[in-house]
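Novice: Position in the sequence shown counted from 1, then plus 2, gives you the working numbering. Each residue gets a CB set at the ideal place from its N, CA and C atoms; glycine is no exception. Note that the structure is predicted; figures quoted are calculated from it, not measured.
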Amino acid sequence: MPIPTMDKACLAPPGHVRFLDNRRAVPGKRKIYPVVVTAKRFEAIMGRSRMDKKHAAAAQKEEDERYMKYLQEGSDWLCKHFTNVGAQSLDEEKQAKLDQELREGEIRAKQVKMEDDLNRKKRIIRANRILEDLKSGQRALHHAVVESQVVHERQYNEALNREIAEDARREIARQDAICPETLIPFSTITEEEVKAEEVARATRVREEFLKDLEERRERKLAQEEQELCDTLIERAQYQCLHEKEKKEQAERKAKKREFCRRAYREALKEKAKIREYERIREQINDRVICVDVTRRRNLDKRYNVEYKKAIAAKIKERARVAQELGEMIRENERREAEYQTELEDRYQAEVEMDEGRRQCEKDELARQRRAYERDERLQAEARRQREAQIHRFEVAERFKNMETNRRFYASEKRKRDQATANLRKVLFGQRDEFLARRLAERMRVSSCQADPYIKDDVMFFDDAAKAVVEAYEEGKIMYPMAKVAETYRRQNQIDHVPEGRMVGRSKLRDYCWPGYFSKAELAYKNYEAREQCRQELDQERQKILDNCITITKLASKERPYQKCEMECPQKCFQYRGMPAIQSMDSFDSPSNFMCEEEPVTQGGPCPPNIEVMTTCDEKEAQTRPKNFNNPPLVCVQRVPSVQSADQKTLSRHASEHKPPSEPDCKDAKRKAPLRKRVWR
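Here it is as structure tokens:
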């Protein structure tokens, strides 16, 4: 026998079975079409049939109740541990709550202030960046990037157009190959016949055009006549309507006057009827009041008489009932005495009969008591085991709650410690910032002889290198960015680095004068700041050089360098229209920059290296007397070419950015006295 199931949807026959006979057209039977629903709607129908929402709501409600019970038990357990909570007064609780709100308000105010400071710094950084972008170099770089983008898009469009044209050409060639051109012989019609045919065609077109103009003029005249007739008819109709409306208006006015007169007469009659009705109603009210007063007086009189009669009858009835009740009580006492005697005799007989039966019952009860005690012991053991299991579960739950509370307290303590540490860090940071600012003010940071424009140069060449790298990765042209970078380098004389030397602390033993310790420490800090500024300046210049090399290398991949043929300077002067100069003594040359020119041959290659004369150390210069006859000493050093500098840069990056060794002279870079900027 199959097991019955409660799922009615499973017991239902499949819905698609009754649609299988639709293919056969049965005469006299209506054709049934299947119902097509979406998967979402079908799922909703099945869910309603299974009552998924109801079951889910019931499960959710049960889960909420269980969770609330769990929270209530946990709250009760926690409240047991706080025994001194009730000892606080209402004022103390209010004060504690107020203090907590004040502390939270201070923390929120500090957080808001920190967020405002951070947003202000971000806005300042964005504003400074916008101001930097408004400078000529950044605007030129942006123009170069836009130009590169435009050229890239133009090249892409041209390539696309060429591809489309090539596809069209191939399609035309394919069509020509499929359908080649064939030679059609000329007609036998002569030129005069062609001209005569053209004249006849022109005459026919002219006649048709004139005919069309005449028909259009006739249609226009007929339309104007029709419009005139329609206007006259419409005017006559409006006149008739106006007269009809005037007549109807006069009739309405007459009817209204007649209606008002009739209404006035009816109103007068209605008022007379109302007054008569009021008079009759007052008479009826007076009569009703009189009758009611008489009725009340008669009823009160009758009620008093009947009430006295009822009281006398009730007294007589109570006396009779009391007499009958006394007789009944005496009869009942006699019967009870007889019944008591009979019961005593019967009880004595039953006691004698039950003595034997009681002994049998004692034995049976003893047996039942022993069985019951055995069952009690078994139930007590089962109850003890169940209570022990429940106790173990409660202990485990309590330990778990204690562990949860311990973790919660530890987490809260960590949060408080973190907030305290953050606050301490902020306070110490403010203190360190104040001390650093005070020390900077005392040190007069202006002693740091840094380039005021070096940050702009670093930012420009970083942006330029980034733009060139992005253009190289995206396949765009890099020449505009490289050209802007080269123009910026030449205009601002980036290659011409001023003379600089290492700053050291003075070795003089000047501790004999008062205030040595504080002043000497301040001087040492000043020396450290100047040395740090010098190192940062060298790093930024090296970064600019690396970016220049990157830009040059990537640009050379786009436009490789082509060697030019070296020509004699006299020939250049001749082309420029200047006379040849035999002596160069009249030119002013700087004292710290000298190039030893090698003998140049006609058409020879450019020299790979040039010798740069730089001033030597100060110690050697101090030993010589300073006068006009003794020029300053210079050191000869060869400056490597761009290719060798590129190789050195790559090797330096490969060796984990090791700092370069100091050259013999203080600065191995090229120097020139012509400066656009003022170097301190």
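If you draw a straight line from the alpha carbon of E155 to that of E476, how long is it in whole angstroms?
Specialist: The alpha-carbon atoms of E155 and E476 are separated by roughly 12 angstroms.
Novice: Measuring straight from C-alpha to C-alpha, what distance separates S150 and R543?
Specialist: Cα to Cα, the separation comes out at about 27 angstroms.
Novice: Quick test of your reading: L547 and V470, contact by CB under 8 angstroms. State the CB separation rounded to the nearest angstrom.
Specialist: 15 angstroms between Cβ atoms; not a contact.
Novice: With a threshold of 8 angstroms on Cβ separation, who are the neighbours of D465 within its own chain once the five nearest residues in sequence on each side are excluded?
Specialist: For D465, where only same-chain residues beyond five positions count, the Cβ hits under 8 angstroms are Q140 and L143.
Novice: Taking the straight line between their C-alpha atoms, what separation do you get for F395 and E378?
Specialist: Roughly 25 angstroms separates the two Cα atoms.
Novice: Pick helix, strand or coil for K39, following the three-state DSSP scheme.
Specialist: Here the sequence assigns Val to residue 39, which means Lys is not the residue at that position. Residue state, collapsed to three classes: coil.
Novice: Where E1 and E209 are concerned, what is the direct C-alpha to C-alpha distance, given to the nearest angstrom?
Specialist: In the structure as shown, the chain starts at 3 and stops at 682, and residue 1 therefore has no counterpart that could be examined.
Novice: Under a three-way DSSP split, which group does M116 fall into?
Specialist: M116: helix per DSSP, three-state reduction.
Novice: Rounded to a whole number of angstroms, what is the C-alpha to C-alpha distance between E103 and M116?
Specialist: Looking at the two C-alpha atoms, the distance is approximately 20 angstroms.
Novice: Report all residues from its chain with a CB closer than 7 angstroms to the CB of A129; omit the five preceding and five following residues, and keep chain order.
Specialist: Nothing listed; no residue qualifies.
Novice: If we call anything under 8 angstroms between Cβ atoms a contact, is V486 one with K545?
Specialist: Not in contact: V486 and K545 (Cβ atoms no closer than 8 angstroms).
Novice: Just the Cα atoms here: how many angstroms apart are Q534 and E106?
Specialist: About 43 angstroms.
Novice: From R336 to M330, what distance separates their C-alpha atoms?
Specialist: Approximately 10 angstroms, taken between the alpha carbons.
Novice: Would you decide whether V38 is buried or exposed? Buried here means 16 or more other CB atoms lie within 10 Å of its CB.
Specialist: Exposed, by the Cβ-count rule.
Novice: Determine the DSSP secondary structure at R281, reduced to helix, strand or coil.
Specialist: Helix.
Novice: Drop a sphere of 10 angstroms on the beta-carbon of P482, count the other beta-carbons inside from all chains shown, and report buried for 16 or more, exposed for fewer.
Specialist: Buried, by the Cβ-count rule.
Novice: Could you name each continuous beta strand (DSSP E) segment of 3 residues or more that falls completely within the stretch 129 to 154, going from the start of the chain to the end?
Specialist: Counting whole runs of 3 or more residues, the stretch 129 to 154 contains no beta strand (DSSP E) stretch at all.
Novice: For the putative contact between I479 and E560, defined by C-beta atoms under 8 angstroms, what is the C-beta separation to the nearest angstrom?
Specialist: Yes, they are in contact, since the Cβ atoms of I479 and E560 sit about 7 angstroms apart, within 8 angstroms.
Novice: In chain order, what residues of the same chain lie with their CB nearer than 8 angstroms to the CB of S413, ignoring the 5 residues before and after it?
Specialist: The answer is none, since no qualifying residue turns up.
Novice: Is it right to say R281 is buried, meaning 16 or more other beta carbons lie within 10 angstroms of its own, or is it exposed?
Specialist: The residue is exposed, with fewer than 16 neighbouring Cβ atoms inside 10 Å.
Novice: The alpha helix (DSSP H) spanning T489 covers which residue range?
Specialist: Start and end: Y481 to N494.
Novice: Leaving aside the five residues before and after A467 along the sequence, list all residues of the same chain whose C-beta is less than 7 angstroms from its C-beta, in chain order.
Specialist: Correct list, in chain order: N549, T552 and I553.
Novice: DSSP three-state call for T685: helix, strand or coil?
Specialist: Nothing can be reported for residue 685: it is not among the residues displayed for the chain, which extend from 3 to 682.
Novice: Nearest to D78 by alpha carbon, out of N403, A59 and K310?
Specialist: The residue with the shortest Cα to Cα distance from D78 is N403.
Novice: To the nearest angstrom, how far is the alpha carbon of A438 from that of F430?
Specialist: So the alpha carbons of these two residues sit roughly 12 angstroms apart.
Novice: K271 to E236, Cα distance in whole Å?
Specialist: Between K271 and E236, the C-alpha separation is close to 52 angstroms.
Novice: Are the CB atoms of K137 and D434 nearer to each other than 8 angstroms?
Specialist: The answer is no: Cβ separation not under 8 angstroms.
Novice: So for P554, helix, strand or coil by DSSP?
Specialist: Note on residue identity: the sequence assigns Thr, not Pro, to residue 554. T554 falls in the helix class under three-state DSSP.
Novice: My output table needs one value for T192: the three-state DSSP class, helix, strand or coil.
Specialist: Note: T192 maps to coil in three-state DSSP.
Novice: Just to confirm my understanding: we take Y374, look at its own chain, exclude 5 residues before and 5 after, and list those with CB closer than 8 angstroms. What are they?
Specialist: Correct list: empty, nothing qualifies.
Novice: By DSSP, does G358 sit in helix, in strand, or in coil?
Specialist: G358 falls in the helix class under three-state DSSP.
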